[in-house]
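Read through the structure below, which is laid out as structure tokens, and then see the notes.
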Amino acid sequence: MRFLLRRLLRALLMLLGVSLLCFAFTQMAPGSFFDEMRLNPQISPETIATLRAHYGLNRPVPIRYAHWMLSLAKGDFGYCIAYNSPVGPLLWTRAKNTLLLTATATILTWLIAVPLGVWSASSRRRLADRFIGASSSLMISVPEIVVAVALLAVAVRWRLVLVGGMVSLGFDDLSLWGKVRDLFLHMLLPISILLLGGIGVVERHVRASVSEILDTPYMNAARSLGIGRMRLLFRHALPVAANPVISLFGFFLAGLLGASLLVEVVTGWPGLGPLILEATLSRDLYVVIAATMLSAILMIAGNFLADLLLIASDPRIRDGEAHAQ
Amino acid sequence: MPGPLLHVKDLRVRYLPESGGKVQALEGLNLEILPGEVTGILGESGSGKSTLASTLLRLLPASAECSGCVVFEGEDLLTAAESKLRRIRGSKIALIPQDPAVSLNPVTRVGEQISEVLRAHLRLSRSERKQRVRQLLVEVGFEDVDRIVDAYLHQLSGGQRQRVVIAQAIACRPSLIIADEPTSKLHSELHCQILALLANTVAQHDTALLLITHDPTILAGFADRLMVMYAGRLIEQGPAESVMRRPLHPYTRALIGLSHGHTSGNRASHLPSIPGEMPNPLHVMPGCRFEPRCSEKMGVCATTDPQTFSPESSRLVSCLKYGN
Amino acid sequence: MATETIKANHSPLLRVCGLTKHYWTSGRVWRKRTLFTAVDDISFELSHGKTLGLVGSSGCGKSSLARCVTRLEGADAGEIWLEGVDIARLNSRELLPYRSQIQMIFQDPATAMNPRMTAAEIVQEPLLIQRRGTSAERQARTAELMREVGLSPDWMNRRITEFSGGQRQRMAIARALSLQPKLLVLDEAFTGLDLSTQAQIANLLLDLQATHSLTYILISHDLSLVARIADEIAVMSAGKIIELGPVRQIISTPTHPVTQSLVTSHHGFRVQHAAAGGFA
Chain A
3 MRFLLRRLLR ALLMLLGVSL LCFAFTQMAP GSFFDEMRLN PQISPETIAT
53 LRAHYGLNRP VPIRYAHWML SLAKGDFGYC IAYNSPVGPL LWTRAKNTLL
103 LTATATILTW LIAVPLGVWS ASSRRRLADR FIGASSSLMI SVPEIVVAVA
153 LLAVAVRWRL VLVGGMVSLG FDDLSLWGKV RDLFLHMLLP ISILLLGGIG
203 VVERHVRASV SEILDTPYMN AARSLGIGRM RLLFRHALPV AANPVISLFG
253 FFLAGLLGAS LLVEVVTGWP GLGPLILEAT LSRDLYVVIA ATMLSAILMI
303 AGNFLADLLL IASDPRIRDG EAHAQ
Chain B
-1 MPGPLLHVKD LRVRYLPESG GKVQALEGLN LEILPGEVTG ILGESGSGKS
49 TLASTLLRLL PASAECSGCV VFEGEDLLTA AESKLRRIRG SKIALIPQDP
99 AVSLNPVTRV GEQISEVLRA HLRLSRSERK QRVRQLLVEV GFEDVDRIVD
149 AYLHQLSGGQ RQRVVIAQAI ACRPSLIIAD EPTSKLHSEL HCQILALLAN
199 TVAQHDTALL LITHDPTILA GFADRLMVMY AGRLIEQGPA ESVMRRPLHP
249 YTRALIGLSH GHTSGNRASH LPSIPGEMPN PLHVMPGCRF EPRCSEKMGV
299 CATTDPQTFS PESSRLVSCL KYGN
Chain C
62 MATETIKANH SPLLRVCGLT KHYWTSGRVW RKRTLFTAVD DISFELSHGK
112 TLGLVGSSGC GKSSLARCVT RLEGADAGEI WLEGVDIARL NSRELLPYRS
162 QIQMIFQDPA TAMNPRMTAA EIVQEPLLIQ RRGTSAERQA RTAELMREVG
212 LSPDWMNRRI TEFSGGQRQR MAIARALSLQ PKLLVLDEAF TGLDLSTQAQ
262 IANLLLDLQA THSLTYILIS HDLSLVARIA DEIAVMSAGK IIELGPVRQI
312 ISTPTHPVTQ SLVTSHHGFR VQHAAAGGFA
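Right under this line is the structure:
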């Protein structure tokens, strides 16, 4: 339990650091939400000054930070000027959509990449291995934005999937099956882009890890005891190979989240991505900070999950033997 | 007299390393193992004794090439189908690997690892397997079976690990156990215990044992037959007691002399030793492999490959000294 | 000061007093860390040109003791007098000149050698680090060292992967000798070698001791080997030296039960062996 508490405390400290940095950077960035209003001759400087006072922008930075922390405690996450509402609720709806996208992409990526990696490792230097290896390398080397634009072009040209947004108009009138189908068709494009970016990396790591395990004396010993090939791979090698792969999981989530924000913008998925983009462009600073914080929370949660999985999967770590190995 | 359990004929293995060249690891081995007999294979590192162990179960790396035959129950293991071989490994021929510290899976409970062997070869229910695992653990000398069943590799001591590996090997009552240096990684206090355990187990179930070692002391009073390997060749074989008492090959004599020269408590000015090193298997020279280090070499030794001679009944030796 | 130096000449090469070393056991995820005493108030003396054998089962603290004596690790308490200087008290800068006087040789030296390096590079690395001599002088010294440990200087440019286990151990000895140490600490240096190679290396060490009046601490779990090379044997158990004395005395009249069991297992082999019959 002490371990969990220590981890939790560290995560909180990290979040505090992230919020401070975010705040500091947004203050240092030139311009503010009202700069564009200033160019509009129909709005008087007095009006702008009143507005600034209304949103508390004329107060000193430490005070504003303290205020923001207070609103954080209430779950408001500050105030969004453009939408004229607290950031919190706004963010939650968007975050749910992002989470739906990333969680689905994560599960699918790992479901596809792990067996591929194991297969590739078990047929080393044979045709299957070479083919999987070449495709993975290709997937890794093509940037996500290129994949996204290419797939978007294909999708629009041949109308294969539904592009833009998360659901069609009239979604609420559809039957349950119709709703699922509609959502699925909308998700297909962003998910495909994310999969193409993620599978290669995970597959390569799984292959490297499993193929290292296959060469160990204990795998040889298991083989000498007459244990079948599939059982050797999935029951004997994979649990040991899982260790470095799980460590990858934390990093993978961070990368996927970054990619997801980009993909959301390109495919018009109403997640955090477009929100952050809009907010940054219009210098709606509380939204930017809150969204960044939320990404940080998701990442920390991902890493925490990876740690827990590691403890569950490796008795050596549970007993504090990992350093000795 | 019953026929041999395992018959090896003209076995040759060579490795083709990626750096090029050929390493001749085994050169024309002929040997027989009788049911229920303890055969000791004595050889130093580089003699090919571990290669022999892996070849018998066809567990060589892909870079190895082998020829000859290994006949077990009327079937040549070198050409048998992989599925047939899988059914023999662990159930009829079991291997006790060199270092138990790296021969057990680090993330699976010990009980499960023994159970895996049973699962691979016998049709038992889960509870029957559990019960059988506990019996096996008792058989290899554990008292706190409850703890061991659920223990992981890193929670066991060296001697306990070796016992677990032995339990795996005897799980399906094989007719042949190959033990590759089963005690070399243990301290001297544990040697006797583990050897006694092995001796008891094979005697009780009339299992044949092929005991591979570099240390002649562990074979004395244990092995029925003794074979000595040097640089990929079998250079001497015969009844263990007679070979130990009166080694014929100069190498065997020197090797046994090494372990025998211990005079406790007397600080020696020099210890008995064999000068030189085993020949590099990448550069094979004609003649007897031991010739450069031999204290009894003759002129012909450098040029003529020694054949196998039988100077007396049931003894075989590859040395030109016994040629005429 | 003068009396100090005179005393140093008469005093043993190494005198260890009350050496103690603790370790924290690595914290388990759900459990607390605990303090563990690896070396517990150990004292002994070692004269010039003598060999002390340090035996005991694994985990008895013999390797920790070696690491403390060589100052690879700092001790928590105690003194280590090397020719009249307490090196336990020196900081790392003051220690530098004494580092070369104590050298350590480990089991399986190849793991500590870069496989891309040649034999000559490995042997002369300490000279290079200490910036001793010119390049030509170092090369000449390397050839001499290799000859001394029984390696042909013609092999200077071979990579270490081309050498056998015994030859690598010879290289490790040559490398340790390059700085002309007074004390060599051999930690399981024979483990994993063939019997004939063990005997060769043991003979080499005996020869080097005779020519250079070297002092050895020989750590091993194999009593039979230590008994043939050492002058005195110290038996360790649970961080303490439980018995210390001349080899003959330890082997013939062991007093502590741990020593007795070590000696019987050592004899056990011989007895078993003798039962198989004598040799021609």
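Protein chains in written order, with the working numbering: chain A, 3 to 327; chain B, -1 to 322; chain C, 62 to 341.
Virtual Cβ for every residue (Gly too), placed ideally from N, Cα, C.
Owing to the predicted nature of the structure, the values given are computational and were not obtained by experimental measurement.
Under DSSP, the beta-bridge partners assigned to Y84(C) are F97(C). When Cβ-Cβ separations below 7 Å define contact, G228(A) makes contact with chain B. Collapsing the DSSP output to three states places M178(C) in coil. For L256(C), a Cβ of chain B is located within less than 7 Å of the residue's own Cβ.
Scanning chain B for C-beta atoms nearer than 9 Å to the C-beta of N218(C) yields nothing, as the closest lies near 17 Å away. For A23(B), the enclosing beta strand (DSSP E) starts and ends at V21 to I31. Proximity of S298(C) to chain B, defined by a Cβ-Cβ separation below 7 Å, is not satisfied. Shown here is that no member of the segment 236 to 249 of chain C has a Cβ falling below 9 Å from a Cβ of chain B.
Distance check between V267(A) and each of A256(A), L279(A) and D175(A) places L279(A) closest, using alpha-carbon atoms only.
In the DSSP assignment, S123(B) falls outside any alpha helix (DSSP H), carrying neither H nor E.
Partner residues in the beta bridge of A92(B), as assigned by DSSP, are I175(B).
Using a C-beta cut-off of 8 Å, the segment 123 to 130 of chain A makes contact with the segment 202 to 216 of chain A, since at least three inter-stretch Cβ pairs fall below that distance. Cβ atoms of R66(A) and G77(A) stay farther apart than 8 Å, at about 18 Å.
DSSP places S298(C) in the uninterrupted beta strand (DSSP E) bounded by E293 to S298. Our two residues, Q310(C) and Q321(C), have alpha carbons roughly 12 Å apart in a direct line. Residue environment analysis places S155(B) among the exposed positions, since fewer than 16 neighbouring C-beta atoms fall within 10 angstroms of its C-beta.
Rounded to whole angstroms, E146(A) and A293(A) show a C-alpha spacing of 22 Å.
Between the segment 150 to 157 of chain A and the segment 167 to 182 of chain A, the count of C-beta pairs closer than 8 Å stays below three; the two stretches do not touch. Restricting attention to R231(C), D101(C) and R192(C), the CA atom closest to the CA of I302(C) is found in D101(C). Each residue's CA atom was taken as its position, placing A299(C) and R244(B) some 44 Å apart.
Per the DSSP secondary-structure output, S87(A) pairs in a beta bridge with C82(A). Within chain A, the residues placing a beta-carbon under 7 Å from that of Q166(B) are L227, ordered along the chain. At the C-beta level, Q22(B) and P284(B) stay beyond 7 Å of one another. The beta-carbon of V290(A) is placed no less than 7 Å from the nearest beta-carbon of chain B. Considering only L3(B), S293(B), L9(B) and S48(B), the residue with the shortest C-alpha distance to P33(B) is L3(B). Between the segment 87 to 107 of chain B and the segment 42 to 58 of chain B, the count of C-beta pairs closer than 8 Å reaches three or more; the two stretches touch.
When C-alpha distances from E179(B) are compared across L24(B), G38(B) and G66(B), the shortest belongs to G38(B). Contact check for G79(C) and E140(C): beta-carbon distance about 7 Å, within the 8 Å limit, so the pair qualifies. Secondary structure note for I319(A): its alpha helix (DSSP H) is the uninterrupted segment P317 to R320. A Cβ-Cβ contact shorter than 7 Å links I210(B) with A51(B). Counting only runs of 4 or more residues that sit fully inside the segment 183 to 241 of chain A, the alpha helix (DSSP H) segments are 219 to 226, in chain order. Fewer than three beta-carbon pairs drawn from the segment 254 to 262 of chain A and the segment 228 to 236 of chain A are found closer than 8 Å, and the two stretches are therefore not classed as touching. Contact check between the segment 310 to 324 of chain A and the segment 239 to 246 of chain A: three or more CB pairs, one atom from each, fall below 8 Å, which counts as touching. The way I'd put it, the segment 202 to 211 of chain C does touch the segment 183 to 194 of chain C; three or more beta-carbon pairs between them come closer than 8 Å.
Separation of L134(B) and I146(B) (C-alpha to C-alpha, rounded to the nearest whole angstrom) is 12 Å. Residue state for A300(B) is assigned as helix, using DSSP reduced to three classes.
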